[in-house]
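Numbering (the numbering used here), first residue to last: 1063 to 1271.
Dropping the structure here:
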């Protein structure tokens, strides 16, 4: 399905910025807790003789490797190294932070970590890293129906309601706002010695012309 992104500034007040900063830090702590839990399973899996043997059995032939890949993927599931398992892990963690991070945003944090492992599994990454303080600068939802939402030109999320600066005199932004929303992403940027906040709205369909 086609989609496009438009970024809008948020008209934040100081107390709202404090809450958002707290939520970014909470998101980072959840991410790192997930890294800790999943790294233990990952290290247990890769040190087994069977896993190492399967990897060394891979050739350049997609056809002959098909059964080997099936066994590798089955083993990864056995060690709970799957996106579904990561979602189950984060479900337990999110309950402790539910006033700040909703369940769908927590799932997207888990998905972001899963993508790091997926790159690692396919040879496109060297290792999975913890996020240092201040390194997590985006949080996103899964739809515009729950969690991080845009309602009547405002960002609404877990008790927060922040006006979104939309320039309706701008043809592109005006046309974009007539499209259905897939989901929303809150982004934090360090500009002139302070954080500024934006919402990236992921719209369904093709961008306006």
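Where is the CB? At the ideal position from N, CA and C, for every residue including glycine.
Asked: Buried versus exposed call for residue 1064 [16 or more other C-beta atoms within 10 Å across all chains shown]; Found: exposed
Asked: As assigned by DSSP and simplified to three states, the class of residue 1265; Found: strand
Asked: Touch test, the segment 1064-1077 against the segment 1217-1237, Cβ-Cβ under 8 Å, three pairs minimum; Found: yes
Asked: Reduced DSSP category for residue 1216 - H, G, I as helix; E, B as strand; rest coil; Found: strand
Asked: Ranges of the alpha helix (DSSP H) found wholly within the segment 1177-1241, counting only runs of at least 4; Found: 1233-1238
Asked: Reduced DSSP category for residue 1152 - H, G, I as helix; E, B as strand; rest coil; Found: helix
Asked: Contact under 8 Å by Cβ, residue 1250 with residue 1264; Found: no
Asked: Three-state class that DSSP yields for residue 1160 in the structure shown; Found: coil
Asked: 7 Å CB neighbourhood of residue 1081 in its chain, flanking five on each side removed; Found: 1222
Asked: Cβ pair count under 8 Å reaching 3, the segment 1190-1199 against the segment 1121-1130; Found: no
Asked: Coil, strand or helix - residue 1102 by DSSP; Found: helix
Asked: DSSP three-state assignment for residue 1122, whether helix, strand or coil; Found: coil
Asked: Cβ contact (3+ pairs, closer than 8 Å) linking the segment 1155-1172 and the segment 1125-1139; Found: no
Asked: Beta-carbon separation (whole angstroms), residue 1167 vs residue 1210, contact threshold 8 Å; Found: 6 Å
Asked: Simplified DSSP state of residue 1087, which is helix, strand or coil; Found: helix
Asked: Residue interval of the beta strand (DSSP E) (run including residue 1250); Found: 1243-1253
Asked: 8 Å contact criterion, which residue 1192 and residue 1099 should meet: CB distance rounded; Found: About 12 Å separates the two Cβ atoms, so there is no contact after all.
Asked: Segment contact flag, the segment 1168-1178 with the segment 1138-1155, C-beta cutoff 8 Å, min 3 pairs; Found: yes
Asked: Rounded distance between the beta-carbons of residue 1134 and residue 1116, thought under 8 Å; Found: 5 Å
Asked: Cβ distance (whole Å) where residue 1165 is taken to contact residue 1156 below 8 Å; Found: 6 Å
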